[in-house]
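Here the structure is laid out as C-alpha cells; the discussion comes afterwards.
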Amino acid sequence: MLLYRKIFTLKRRWRSLRAARKYFILALALAFVQVFIFAGEAGFSPDVRLMNVWFQLRGRKAYPKDKMALIAIDDQSFSKLNLSVLKPWPREATAKLLEKLSNYDVKAVFLDYRYGEPNDPEGDRKL
Numbered sequence: 007m008l009l010y011r012k013i014f015t016l017k018r019r020w021r022s023l024r025a026a027r028k029y030f031i032l033a034l035a036l037a038f039v040q041v042f043i044f045a046g047e048a049g050f051s052p053d054v055r056l057m058n059v060w061f062q063l064r065g066r067k068a069y070p071k072d073k074m075a076l077i078a079i080d081d082q083s084f085s086k087l088n089l090s091v092l093k094p095w096p097r098e099a100t101a102k103l104l105e106k107l108s109n110y111d112v113k114a115v116f117l118d119y120r121y122g123e124p125n126d127p128e129g130d131r132k133l
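Position in the sequence shown (first residue = 1) + 6 = this note's numbering.
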C-alpha cells in the first residue's frame, strides 16, 4: 500500500510539472536551433550572424553592375599604405576614400566595417 501511494504521488507531481516540462523542452529546442544556425561562425557577434542568416533567407538581389563599384580592403591595401594587418583600418584612410568618391558624383556609399573604440581623434573628426 505504501509503494502504491508513493507511485501515485510521483505521478501526480509529474502531471503538475507538465507546463514546466513544455517550457523546458521549448527552451531546449530553441537553444539547439540557435547552436545549429550559428555554428561555424565563431568570432562574429550575434547581430552579424543574424544579418547573415537574413541575407541567406532573402536570396540574391539583382543590381545594375554598370552603376556599382565594390571597393575591397584586403591585405594588399594594408601593405600599399604600409599598415599592419593586425591593427584596425585607420579612419583617416576611410575619410580620404570618401573624399575621392565624392568627386565622382556618388549617390550612396555603404560601408561594411566595424570600427572599435575611438583611438584617433583626428581621424574620427575627418570621418
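Think of the CB as a built atom: it goes at the ideal place given N, C-alpha and C, for glycine as much as any other residue.
So, are the CB atoms of residue i and residue j less than 8 Å apart?
i, j, result
"Pro-96", "Gly-122", "no"
"Ala-75", "Leu-87", "no"
"Lys-132", "Ala-101", "yes"
"Leu-104", "Val-91", "no"
If you measure from the CB of residue i, is any heavy atom of the ligand COA nearer than 7 Å?
i, result
"Ala-101", "The ligand COA is not among the ligands present in this structure, which contains no ligands whatsoever."
Could you check what DSSP says for residue i in three-state terms: helix, strand or coil?
i, result
"Ala-33", "helix"
"Leu-87", "coil"
"Pro-127", "helix"
"Ala-26", "helix"
"Trp-60", "helix"
"Arg-19", "helix"
"Asp-72", "helix"
"Phe-42", "helix"
"Ala-101", "helix"
Taking residue i as the reference, which of the options has the closest Cα?
i, options, result
"Leu-56", "Val-112, Gln-40, Lys-17", "Gln-40"
"Pro-94", "Leu-23, Ala-78, Lys-113, Tyr-119", "Tyr-119"
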